[in-house]
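Q:
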Amino acid sequence: MVNGELSKDRDPFIIHHSSFTIDLIISDLMMPVMDGFQFLEKVKSDDRWRHLPFIMLTAKVDDKAKLRALRVGVDDYLTKPFVEVELKARIENLLHNYWQRMEMFSQNEDTAEGGAVENRPVITRTDAEWLEEVEGKLTKYLPEADLKMERVAAEMFLSHRQFSRKLKGLTGLTPSQYLKEIRLNRSKELLLSKKYKTIKEVASAVGFTDARHFSDLFQAHFGALPSGFLR
33 MVNGELSKDR DPFIIHHSSF TIDLIISDLM MPVMDGFQFL EKVKSDDRWR
83 HLPFIMLTAK VDDKAKLRAL RVGVDDYLTK PFVEVELKAR IENLLHNYWQ
133 RMEMFSQNED TAEGGAVENR PVITRTDAEW LEEVEGKLTK YLPEADLKME
183 RVAAEMFLSH RQFSRKLKGL TGLTPSQYLK EIRLNRSKEL LLSKKYKTIK
233 EVASAVGFTD ARHFSDLFQA HFGALPSGFL R
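Numbering follows the working numbering, in which position 158 of the sequence shown is assigned residue number 190; successive positions increment by one, without gaps.
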């Protein structure tokens with residue numbers, strides 16, 4: 033899914049422009065010379081590429097390190113083996129969010145004096161740390177089905193409007209959409225861990241009161257029913 037090329041006569045770990053446009057990167061975690069996280073760090077440290085959605089493929093279900101740099105709405109991961117429809121669903125979701133961010137960024141720059149030289153959102157290290165803190169707070173409150181985002185905003189020392197604007201600008205998602213992403217991603221982790229025996233238990237653990245509705249959302253998001261992960 034990377035429409036680009038690696039330079040043969042320069043740093044082989046940094047992507048350089050070709051005649052193609054890069055919209056998304058897919059990398060395996062286990063690779064020769066450097067692993068996927070090292071490659072991810074290279075990409076995210078370069079202003080030209082850090083805005084791109086990045087999908088990591090890994091065979092390690094319990095690899096806690098995957099959460100070190102992978103943020104909802106910016107990056108994602110898939111555990112092998114996976115089915116093609118699941119990969120396509122994740123790509124579709126990431127590109128949808130990415131294009132929303134690009135459109136918003138472009139509109140903001142159009143209103144600024146002189147406009148943008150190159151329309152692309154940039155997630156700084158500070159932004160990533162802020163998102164990680166938000167994700168940590170949301171994860172703590174996931175079982176609360178009626179969680180109010182005003183509560184999280186207050187804990188981030190922002191008004192709900194300021195919080196919503198910043199989150200939308202960084203991820204392309206509204207607070208409610210972002211919360212849904214967190215819930216669904218956490219539910220997949222719980223399913224893979226085999227901690228729960230029923231879909232209803234998993235749904236409840238991440239704040240969904242209706243197991244059927246949860247299953248529908250899960251299938252739309254991951255391209256597979258949650259029941260398939262309990263076998």
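Heads up, the beta-carbon is just placed ideally off N, CA and C, and yes, glycines get one too.
Measuring alpha carbon to alpha carbon, tell me which residue in Glu124, His128, Thr90 is nearest Lys112.
A: To locate residue 112, count along the sequence shown from 1; it is residue 80. For Lys112, the nearest C-alpha among the options comes from Thr90.
Q: So, is Pro175 buried or exposed, given that buried needs 16 or more other C-beta atoms within 10 angstroms?
A: In the sequence shown, residue 175 corresponds to position 143, counting from 1. When all chains shown are included, Pro175 counts as exposed.
Q: Does DSSP put Asp248 in a helix, in a strand, or in coil?
A: Here residue 248 is taken as the residue at index 216 of the sequence shown, counted from 1. In the structure shown, Asp248 adopts helical secondary structure according to DSSP, grouped into three states.
Q: Taking only three categories from DSSP, how would you classify Thr158?
A: Here the question's residue 158 lines up with position 126 in the sequence shown. It is helical.
Q: Here's a check: name, in chain order, each residue in its chain whose Cβ is nearer than 8 Å to the Cβ of Met181, leaving out the five neighbours to either side.
A: To locate residue 181, count along the sequence shown from 1; it is residue 149. Around Met181: His192, Phe195, Ser196, Pro207, Ser208, Leu211.
Q: Less than 8 Å between the beta carbons of Phe254 and Leu224, yes or no?
A: As a position in the sequence shown, residue 254 is number 222, starting the count at 1. As a position in the sequence shown, residue 224 is number 192, starting the count at 1. No, Cβ-Cβ distance for Phe254 and Leu224 is not below 8 Å.
Q: Which of the three DSSP states, helix, strand or coil, is assigned to Ile123?
A: Along the sequence shown, one-based indexing puts residue 123 at 91. Three-state result, Ile123: helix.
Q: On the three-state DSSP scale, how would you describe Gly260?
A: Numbered from 1 along the sequence shown, position 228 holds the residue referred to as residue 260. Gly260 falls in the helix class under three-state DSSP.
Q: Which word fits Phe189, buried or exposed, when buried means at least 16 other C-beta atoms lie within 10 angstroms of its C-beta?
A: Stepping through the sequence shown from its first residue, residue 189 is reached at position 157. It is exposed - the Cβ of Phe189 has fewer than 16 other Cβ atoms within 10 Å.
Q: For a quick check, are the C-beta atoms of Lys229 and Ala243 less than 8 Å apart?
A: Translated into positions along the sequence shown, residue 229 becomes position 197. Translated into positions along the sequence shown, residue 243 becomes position 211. No; because the gap between Cβ atoms is not below 8 Å, this pair is not in contact.
Q: Run through DSSP, which three-state label would Tyr210 get?
A: Here residue 210 corresponds to residue number 178 of the sequence shown, with the count starting at 1. DSSP places Tyr210 in helix when its eight states are reduced to three.
Q: Return the chain-ordered list of same chain residues with a C-beta closer than 8 Å to the C-beta of Val184, the five sequence neighbours on each side being excluded.
A: To locate residue 184, count along the sequence shown from 1; it is residue 152. Once the five neighbours on either side are set aside, the close Cβ partners of Val184 are Val166, Lys169, Leu170, Tyr173, Phe195, Pro207.
Q: Return the Cβ separation of Leu126 and Leu56 in integer angstroms, given the expectation that the two are a contact with Cβ distance under 8 Å.
A: For the purposes of this step, residue 126 is identified with residue 94 of the sequence shown, where counting begins at 1. For the purposes of this step, residue 56 is identified with residue 24 of the sequence shown, where counting begins at 1. Yes, Leu126 and Leu56 are in contact; Cβ-Cβ is about 6 Å, under 8 Å.
Q: Name the two residues that bound the continuous beta strand (DSSP E) containing Phe86.
A: By 1-based counting over the sequence shown, the position of residue 86 is 54. From DSSP, the beta strand (DSSP E) with Phe86 extends over 86 to 90.
Q: State the DSSP-derived secondary structure class of Tyr228, mapped to helix, strand or coil.
A: Taking the sequence shown and counting its residues from 1, the one referred to as residue 228 is at position 196. Three-state DSSP puts Tyr228 in coil, outside helix and strand.
Q: Check for me: the alpha helix (DSSP H) holding Ser59 runs from which residue to which?
A: Translated into the one-based positions of the sequence shown, residue 59 becomes position 27. No alpha helix (DSSP H) contains Ser59, which is instead part of the beta strand (DSSP E) from 57 to 60.
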